[in-house]
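In my numbering, the protein residues as written are 937 to 1345.
Using N, Cα and C, we set each Cβ at its ideal position, and we do this for glycine too.
As structure tokens, the structure follows; a few thoughts come after it.
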């Protein structure tokens, strides 16, 4: 069974208010060309189809049109689409019965009947398709509440897959979650109330929870393409294009070919050509860039002004500097939009002082505030007012709710 694995399309996403529809259509058409050339038996989209739970009509129309185009390149191919944490399961499933007619299976919600998540790919193999669900929202499969619902669910799914796979066909699991040991570059990392790390809004899961029966595990949620858990059995296909400036790496889709169950997958990585890549100057391959002064940035700016890229600048901000004024200086240097091709987005302030000093001097930029985690905001609040543990947790929860509401706007 040959399978195309992709995920995290984030259709409808804008970057600093720049519309990205042409870029999204560009990568979807490349996926269609890959399907035309590779003729896979199945295509898996492992969640986060849309960037927000309530995409506008134009974005929904784009999804329908381009998914049909992909299907038409190989009409014998089965397509399996599952919801991610950015998606609304009810909205995704609204045309489910129509999609079924074309062997396109759209799965938004986790059913208590695990067999509903096992899809036979025209007698060539099986796909166990699990959409995103928080751990506590997995169906209760045991009367004993001390058992972890997510682990129980994946155990039951695996046992059902063993029962149905009487012909020793390849079996693939699709899931949308954050697995321990993955490279989370590009994601916001926060701490939950219990001290556990939260990656892009999700707590970590252990790869062992997913089971060891599957020949390949097609993961979504983490944007960096990568194998996890050792070996080449478990993989994030990653996003087809960069969603943030911290995702300046090669994006791709994955082709998996498996002859029979327990065979080692033959895996091929196919790069996606980004119509308009992200670029940060100066280029610094580190999680803690040093940045440059605005004077040294200016010559670099001139070199890229006519490149069709999204641009962010790592700029040193001194104690007496004002980030907003420096940003305005950059905009003035670029001139009118007709005078340059690059899409300038923001500066990434590399501060010589700390956040508290920046607030005191009123030099903290709006972009810096937007990029701060809930924990950073709480730390700043504690400098102003004593907060006990309950108040801190309450503030973190409120900030989380605000972020979710902003995502739907």
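Whole-angstrom distance between residue j and residue i, CA atom to CA atom
| i | j | result |
| --- | --- | --- |
| residue 1228 | residue 1199 | 51 Å |
| residue 1025 | residue 1181 | 28 Å |
| residue 1161 | residue 1237 | 30 Å |
| residue 1417 | residue 1241 | Residue 1417 is absent from the model: the chain starts at 937 and stops at 1345. |
| residue 1141 | residue 1115 | 5 Å |
| residue 1265 | residue 953 | 20 Å |
| residue 1234 | residue 1267 | 11 Å |
| residue 1056 | residue 1331 | 47 Å |
| residue 1101 | residue 1121 | 37 Å |
| residue 1109 | residue 985 | 18 Å |
| residue 1213 | residue 1032 | 34 Å |
| residue 975 | residue 999 | 21 Å |
| residue 1117 | residue 1145 | 14 Å |
| residue 1194 | residue 1232 | 53 Å |
| residue 978 | residue 1019 | 17 Å |
| residue 1107 | residue 1065 | 11 Å |
| residue 1165 | residue 1143 | 7 Å |
| residue 1192 | residue 1119 | 21 Å |
| residue 1151 | residue 1063 | 10 Å |
| residue 1197 | residue 1169 | 12 Å |
| residue 961 | residue 1027 | 21 Å |
| residue 1153 | residue 1163 | 10 Å |
| residue 1060 | residue 1040 | 16 Å |
| residue 1090 | residue 1204 | 27 Å |
Buried or exposed (CB count within 10 angstroms, at least 16 for buried), residue i
| i | result |
| --- | --- |
| residue 1334 | exposed |
| residue 1006 | buried |
| residue 1167 | exposed |
| residue 1345 | Because residue 1345 carries a pLDDT of 44, less than 50, the predicted location of this residue cannot be relied on, and no value is offered for it. |
| residue 1002 | buried |
| residue 1271 | exposed |
| residue 963 | buried |
| residue 1070 | exposed |
| residue 1244 | exposed |
| residue 1207 | exposed |
| residue 1217 | buried |
| residue 1171 | buried |
| residue 1072 | exposed |
| residue 1292 | At residue 1292 the pLDDT is 48, less than 50, meaning the model places this residue with poor confidence and gives no usable figure here. |
| residue 1030 | exposed |
| residue 944 | buried |
| residue 1004 | exposed |
| residue 1257 | buried |
| residue 947 | buried |
| residue 1012 | exposed |
| residue 997 | exposed |
| residue 1034 | exposed |
| residue 1202 | exposed |
| residue 959 | buried |
| residue 955 | exposed |
| residue 1287 | buried |
| residue 1036 | exposed |
Bridge-paired residues (DSSP) for residue i
| i | result |
| --- | --- |
| residue 1190 | 941 and 1205 |
| residue 1107 | 1062 |
| residue 986 | 947 |
| residue 1181 | According to DSSP, residue 1181 bridges with nothing at all. |
| residue 954 | 951 |
| residue 1133 | 1127 |
| residue 1282 | 1248 |
Residues near residue i by beta carbon distance below 6 Å, same chain, minus five either side
| i | result |
| --- | --- |
| residue 1230 | 1251 and 1262 |
| residue 1045 | 1025 |
| residue 1094 | 1147 and 1149 |
| residue 1136 | 1123 |
| residue 1297 | Since pLDDT at residue 1297 reaches only 47, below the 50 mark, its modelled position is unreliable, and the value read off the structure follows with that caveat. Nothing meets the Cβ criterion. |
| residue 1050 | 1092, 1093 and 1096 |
| residue 1023 | 985 and 986 |
| residue 1278 | 1240, 1241, 1243, 1245 and 1247 |
| residue 1017 | 981 and 1042 |
Interface flag, residue i vs chain B, CB-CB below 8 Å
| i | result |
| --- | --- |
| residue 1057 | Judged by its chain identifiers, the structure shown contains no chain B, having just a single protein chain. |
Nonlocal neighbours in the same chain, by C-beta distance under 8 Å from residue i, ignoring five residues either side
| i | result |
| --- | --- |
| residue 1047 | 1053 and 1075 |
| residue 1274 | none |
| residue 1009 | 968, 969, 971 and 972 |
| residue 1021 | 983, 984, 1068, 1112, 1136, 1137, 1138 and 1157 |
Same chain only: Cβ atoms within 7 Å of residue i, ignoring 5 sequence neighbours per side
| i | result |
| --- | --- |
| residue 1220 | 1226 and 1250 |
| residue 1313 | 1335 |
| residue 951 | 1246 and 1281 |
| residue 1189 | 940, 941, 942, 967, 970, 1173, 1176, 1206 and 1208 |
| residue 1038 | 1007 |
| residue 1185 | 1160 |
- request: State whether the segment 987–996 contacts the segment 1082–1097, with contact taken as three or more CB pairs (one from each stretch) at a distance under 8 Å.
  value: Counting Cβ pairs under 8 Å, fewer than three are found: no touch.
Sufficient close CB pairs (3 or more, under 8 Å) joining the segment 1176–1191 to the segment 1126–1140: The segment 1176–1191 makes no contact with the segment 1126–1140, as fewer than three CB pairs between them are under 8 Å.
Touch test, the segment 967–975 against the segment 940–955, Cβ-Cβ under 8 Å, three pairs minimum: yes
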